[in-house]
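Start counting the sequence shown at 1343; every next residue gets the next number (the numbering used here). Below: one structure, written as structure tokens.
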Amino acid sequence: MLAFLGGTGPEGRGLALRFALAGEEVTIGSRDPDRAREAAQVLQKLAPQASIRGDENREAAKRGDVVFVTVPYEAQKPLVTQLEDELAGKLVINVVAPLAFEKGRPRAVPVEEGSAAMQSQSLLPRSKVVAAFQNLSATELLAPDRAMEGDVVVCSDHQEAKERVMALVGLIKNLRGVDGGGLENARYVEQLTALLLSINRIYKAHSSIRIVGV
Ligand SMILES: NC(=O)c1ccc[n+]([C@@H]2O[C@H](COP(=O)([O-])OP(=O)(O)OC[C@H]3O[C@@H](n4cnc5c(N)ncnc54)[C@H](OP(=O)(O)O)[C@@H]3O)[C@@H](O)[C@H]2O)c1
């Protein structure tokens, strides 16, 4: 079961939809269980064969064996701190890109721990944190008739967990997981999202990345 904390937002919904279409069971999490169930119902119409539920974040964290963190950076620390017990022993996928917007222009926000993913790992010592999916556009994810393009760089200090996430990436047609090394490298992937958003503004597009030569 894949669970999405803050899964009512576009990124969580988009990833949940793609994985549901690939045959995975998913739970959308929210601070408000009604909002979670509403989001789940909308996704269910787009993926009628799939099993999609909605629940409060804590219940979603309990139910998922793989739990995605898809909240804004400011919300991450309080949320994962509250759910440390529920997330113990689990694979936690950090999708968070710490960003600020000045006059609509994105910039990467410095994080004391090095990256949002490293912050999660330090707050969740009993979980296996993997950083991934930070460079995928929610708009593209939410348009299931369009094939995704690009690579997903996957960083973690837990090799088996990283391999599991790379296999999950492969469930979404046309996407490839690329081993990005240890969690130390997640900062570069998170910061790249600010660059991609700037490129999107210039080209009025939804860009992604591809690593060539591997
Ligand atoms: N959008 C993209 O294209 C994109 C692309 C790459 C990476 N990301 C990353 O993915 C994450 C989610 O992006 P998003 O655009 O889906 O974000 P979002 O819409 O701003 O927020 C996602 C959800 O987080 C919950 N949330 C918001 N503030 C919260 C708070 N203070 N405490 C607890 N929960 C809170 C809300 O759910 P409830 O109100 O239902 O609880 C909201 O629906 C972000 O970290 C972003 O950097 C996004």
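Positions of the beta carbon are idealized from the N, C-alpha and C atoms, including for glycine.
Compute the minimum distance between the beta carbon of Thr1412 and the heavy atoms of ligand 1, and state whether it is under 6 Å.
By 1-based counting over the sequence shown, the position of residue 1412 is 70. Using a cutoff of 6 Å, the CB of Thr1412 counts as near ligand 1, since one of the ligand's heavy atoms is closer than that.
Residue ranges of each alpha helix (DSSP H) within the stretch 1443 to 1513, 4 or longer:
1458 to 1465, 1480 to 1483, 1501 to 1511, all fully within the stretch 1443 to 1513.
Is there at least one non-hydrogen atom of ligand 1 closer than 6 Å to the beta-carbon of Gln1476?
As a working note, residue 1476 is residue 134 in the sequence shown. Yes; taking the cut-off as 6 Å, the Cβ of Gln1476 has a heavy atom of ligand 1 nearer than that.
Just list the residues that DSSP pairs Asp1397 with in beta bridges.
Here residue 1397 corresponds to residue number 55 of the sequence shown, with the count starting at 1. According to DSSP, Asp1397 bridges with Gly1371.
Between Gln1562 and Val1438, is the Cβ-Cβ spacing less than 7 Å?
What is shown of the chain runs 1343 to 1556, which leaves residue 1562 out entirely.
Taking 6 Å as the cut-off, does the CB of Val1453 come closer than this to any heavy atom belonging to ligand 1?
The count along the sequence shown starts at 1 and reaches residue 1453 at position 111. No - ligand 1 has no heavy atom lying nearer than 6 Å to the Cβ of Val1453.
Taking the alpha carbon of Leu1478 as the reference point, which residue from Pro1352, Val1384, Gly1431 has its own alpha carbon closest?
Position 136 of the sequence shown, counted from the first residue, corresponds to residue 1478. For the residues Pro1352, Val1384, Gly1431, the minimum Cα distance to Leu1478 belongs to Pro1352.
By the 10 Å Cβ neighbour count, where 16 or more other Cβ atoms means buried, how is Lys1445 classified, buried or exposed?
For this step, residue 1445 is matched to residue 103 along the sequence shown. Lys1445 comes out exposed.
Which same chain residues end up closer than 7 Å to Ala1389 when comparing Cβ atoms and leaving out the 5 residues on each side of it in sequence?
One-based indexing of the sequence shown puts residue 1389 at position 47. Around Ala1389: Leu1359, Ala1362, Leu1363.
Cβ-based burial, Lys1432 [other Cβ within 10 Å; buried from 16]:
Taking the first residue of the sequence shown as position 1, residue 1432 is located at position 90. Lys1432 should be labelled buried.
Could you check the C-alpha separation between Ser1393 and Glu1401 for me, to the nearest Å?
Counting from 1 along the sequence shown, the entry for residue 1393 is found at position 51. Counting from 1 along the sequence shown, the entry for residue 1401 is found at position 59. Answer to the nearest angstrom: the Cα atoms are 16 Å apart.
Taking the alpha helix (DSSP H) that Gly1356 falls in, what are its first and last residues?
Position 14 of the sequence shown, counting from 1, holds the residue named residue 1356. Unbroken alpha helix (DSSP H) run through Gly1356: 1352 to 1363.
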